[in-house]
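Input: a single structure, listed below in structure tokens.
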């Protein structure tokens, strides 16, 4: 596992520079277009509204938010391929959002400051439109490299020689001895044969000390 | 004439060919699809790489058969999810790998509770074959041995549990619920010339190093090496033709891509096309002697469909909140397993028959970060923090409960609707009943109990929900074995009561489903059946 850890550190040290191609380019799920991104489904100010919406759902913190991760491009692409009834409902949801903003604050969503945007979103948080927007944002963000790697720190799908499993002493305070004692208690399930994955949950390995000595204390 | 024609190349057909060819029997295998090339598997393509690759014209192998190519019929309002893989290795290319021995708790269930017909075999009949199969296919597991899940000397070391699984062990210990090492056919050591599992967690995409059992890599090449196996790919078996004496004499098939009709002669036919397709083939094999389908004097062919009912309960463990990313990929599935326990004397007697076990796949940091977020309320920086905090803290509980065999849950053929070759489609009519609903309640209760014990944040549950029938991809009993030819189709060696030179070796031969994943048992029974077949052939009785 040392190789991926190094790679992960390297990416962190490079910081945002490592993802510059993303910022000016295309969401990884969206087909590149000549001359930069143009919406496939959104019209007029819709893309901008969705970019603002996405940013309120997953804002920039110590990692990039949905806007700079280009999640609005993902939402546009997904809607361009959705059933027409579904995408029409979404479009109506965007209109309803701006009507609501106009009625409450006299301005469209994109012109509100973030705290007012949040106020509006809290008001519609149970609506099907918001649910759909959140679902698309979450999918577009956490399935992107920014979401998976930068935000969640994903380093899986690797080639490992051994699988370590849980190595945290504080989790593994439940030792094989305790498990046996618990099961031997009156009323316990009491069957030694149920004692579980190799007692300690760690496969014996040639050349290593007995498994129960490792990481158990 | 071919000695034996084997229909299907998955677990059952692959094993039949493997065993028979080793014994010097000449085998012709008909496989409905082509060959899946391991070099093209998307085992190491991450979600954010997939779309770009697709656009470049690269595509992963299409394991699952397109329903448009081969439709099936379900009644209005009674959906059934049928997963079929046509091609070398069949579903073992992407199977779940869970390898659990059935026990006498399963084999004697009908005698004890009176539901359905008894199995004609006992654990002792299958045990030697379980040994051989485990040794051959490379199953990892623990040292446990119980009346619900018999132990084995032939297992590779179990992988270490993930953090979440350590907590599941604690909770189950407190609740006196048995929890043992999971058993899956992933190689935790190099095996028969194949490398050990590299713990990438992407088994569902097919393994690019063939480090879990797959008929295409671990059975068929060995059969081919004997020189006794010929494989005809893209040969979609349609019917088995009987001679005037009622013996199987030919197999009719269609070339998948051209639709050309062909026939091959056979001294013996071994059917391993998967439960539903084997049943369809037999039901379509009508003759004056067998007007209701081949070997179907009992009217049991297509009836008694059974499988497992599945529900899913998820929770987040506060003990693991914010611990940061840990690679939890492992062998992809769970490393711990809760075998059936509701029969134990210290447990209250259930208000339903049979039992369930619990699997735990998708416990820990998932390869798809989005899964966690989907279950969390709110938005904004606090939502983003919540997602990150819970990403490594997910535990997923998946109980599998036995669905009882009932004659009205059945596969028939729809004479009025045919596939592209003019062969009538299968019609599947399956619903779950009261016993399953009662068991489902106990399944949810148990999962909640485990999660409450850990103080977990439980993702809201719809207790009326379960997966659509068919979702387990463990279809059984539509061509069941039994002692009495009046109530069963096959004898205890998977041989048709009424057509002695026809053996059905896939999951359709099971008398009942049990709560366990069936592939290990399918492999064992196919091995056993073909041992018997070869001996009968040698003795001149076939």
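Chains as they are written, first to last, in the working numbering: chain A, 1431 to 1647; chain B, 4 to 545. Glycine included, C-beta positions come from ideal geometry on N, C-alpha and C.
Along the chain, where does the alpha helix (DSSP H) containing residue i start, and where does it finish?
i: residue 1550/A; result: 1544-1553
i: residue 53/B; result: 50-58
Cutting at 6 Å between CB atoms, please list the residues of its own chain near residue i, excluding the five before and the five after it.
i: residue 535/B; result: 496
i: residue 82/B; result: 471
i: residue 177/B; result: 456
i: residue 338/B; result: 162, 164, 168 and 185
i: residue 11/B; result: 275 and 276
Can you tell me whether residue i is helix, strand or coil according to DSSP?
i: residue 1471/A; result: coil
i: residue 479/B; result: strand
i: residue 405/B; result: strand
i: residue 529/B; result: helix
i: residue 207/B; result: helix
i: residue 1629/A; result: Per-residue confidence for residue 1629/A stands at a pLDDT of 34, beneath the threshold of 50, marking its modelled position as unreliable; the derived number appears in the next sentence. In this structure, residue 1629/A counts as coil in the three-state DSSP scheme.
i: residue 166/B; result: helix
i: residue 313/B; result: strand
i: residue 484/B; result: strand
i: residue 73/B; result: coil
i: residue 355/B; result: coil
i: residue 362/B; result: strand
i: residue 22/B; result: helix
i: residue 1463/A; result: coil
i: residue 380/B; result: coil
i: residue 435/B; result: coil
i: residue 467/B; result: coil
Take residue i and list the residues in its own chain whose beta-carbon comes closer than 7 Å to its own, dropping the five residues that flank it on each side.
i: residue 136/B; result: 523, 526, 527 and 530
i: residue 542/B; result: none
i: residue 1408/A; result: Summary: the structure shown does not reach residue 1408/A, with chain A confined to residues 1431 through 1647, and so no result is reported for it.
i: residue 188/B; result: 100, 102, 140, 141, 142, 215 and 216
i: residue 1635/A; result: Confidence at residue 1635/A is low in this model, with a pLDDT of 32, below 50, so its placement is unreliable and no value can be given for it.
i: residue 318/B; result: 398, 454, 459, 460, 461 and 462
Could you tell me the alpha carbon to alpha carbon distance between residue i and residue j, rounded to whole angstroms?
i: residue 1456/A; j: residue 158/B; result: 48 Å
i: residue 1593/A; j: residue 168/B; result: 14 Å
i: residue 96/B; j: residue 265/B; result: 27 Å
i: residue 448/B; j: residue 390/B; result: 26 Å
i: residue 139/B; j: residue 423/B; result: 39 Å
i: residue 373/B; j: residue 1575/A; result: 12 Å
i: residue 18/B; j: residue 1580/A; result: 46 Å
i: residue 353/B; j: residue 346/B; result: 8 Å
i: residue 77/B; j: residue 514/B; result: 24 Å
i: residue 476/B; j: residue 14/B; result: 14 Å
i: residue 416/B; j: residue 286/B; result: 7 Å
i: residue 467/B; j: residue 436/B; result: 13 Å
i: residue 294/B; j: residue 22/B; result: 33 Å
i: residue 172/B; j: residue 4/B; result: 57 Å
i: residue 175/B; j: residue 160/B; result: 22 Å
i: residue 20/B; j: residue 9/B; result: 7 Å
Cβ of residue i within 7 Å of any heavy atom in the ligand NAD?
i: residue 1476/A; result: Ligands are entirely absent from the displayed structure, and the ligand NAD is therefore not among its contents.
Taking the beta strand (DSSP E) that residue i belongs to, which residues open and close that run?
i: residue 415/B; result: 413-421
i: residue 244/B; result: 238-245
i: residue 31/B; result: 30-33
i: residue 137/B; result: Run containing residue 137/B: none in the beta strand (DSSP E); it sits in the alpha helix (DSSP H), 126-140.
i: residue 10/B; result: 5-10
i: residue 427/B; result: 427-432
i: residue 115/B; result: Taken as a continuous stretch (DSSP letters only), residue 115/B belongs to no beta strand (DSSP E), being part of the alpha helix (DSSP H) at 112-116.
i: residue 506/B; result: 505-507
i: residue 257/B; result: 251-258
For residue i, collect the residues of the same chain with a Cβ closer than 8 Å to its Cβ; drop the 5 residues on either side in sequence, then sort them by chain order.
i: residue 1517/A; result: 1471, 1509 and 1510
i: residue 179/B; result: 349
i: residue 211/B; result: 41, 42, 44, 46 and 47
Is the region 486-504 of chain B close to the region 95-115 of chain B, with three or more CB pairs under 8 Å? no
Is the region 374-384 of chain B in contact with the region 280-288 of chain B, if contact means three or more CB pairs nearer than 8 Å? no
State whether the region 35-48 of chain B contacts the region 191-205 of chain B, with contact taken as three or more CB pairs (one from each stretch) at a distance under 8 Å. As far as the Cβ criterion goes, the region 35-48 of chain B touches the region 191-205 of chain B, which means the pair count is three or higher.
Inter-stretch contact at 8 Å, needing at least 3 Cβ pairs: the region 470-481 of chain B / the region 267-279 of chain B: yes
Between the region 221-236 of chain B and the region 31-44 of chain B, can you find at least three pairs of beta-carbon atoms closer than 8 Å? yes
Across the region 233-252 of chain B and the region 288-301 of chain B, are there enough close Cβ pairs to call them in contact, namely three or more that are closer than 8 Å? yes
Evaluate contact between the region 351-371 of chain B and the region 300-309 of chain B, counting only Cβ atoms and requiring at least three cross-stretch pairs below 8 Å. No, the region 351-371 of chain B does not touch the region 300-309 of chain B.
Hey, is the region 1551-1569 of chain A in contact with the region 397-406 of chain B, meaning 3+ C-beta pairs nearer than 8 Å? no
Tell me whether the region 422-438 of chain B and the region 247-264 of chain B touch, counting them as touching only if at least three CB pairs, one residue from each stretch, are closer than 8 Å. Contact between the region 422-438 of chain B and the region 247-264 of chain B is present, because at least three Cβ pairs lie under 8 Å.
Is the region 304-322 of chain B in contact with the region 122-132 of chain B, if contact means three or more CB pairs nearer than 8 Å? no
At a cut of 8 Å, does the region 1549-1563 of chain A reach the region 1512-1526 of chain A through at least three beta carbon pairs? yes
contact_flag[the region 63-73 of chain B, the region 321-329 of chain B] where n(CB pairs < 8 Å) is 3 or more: no
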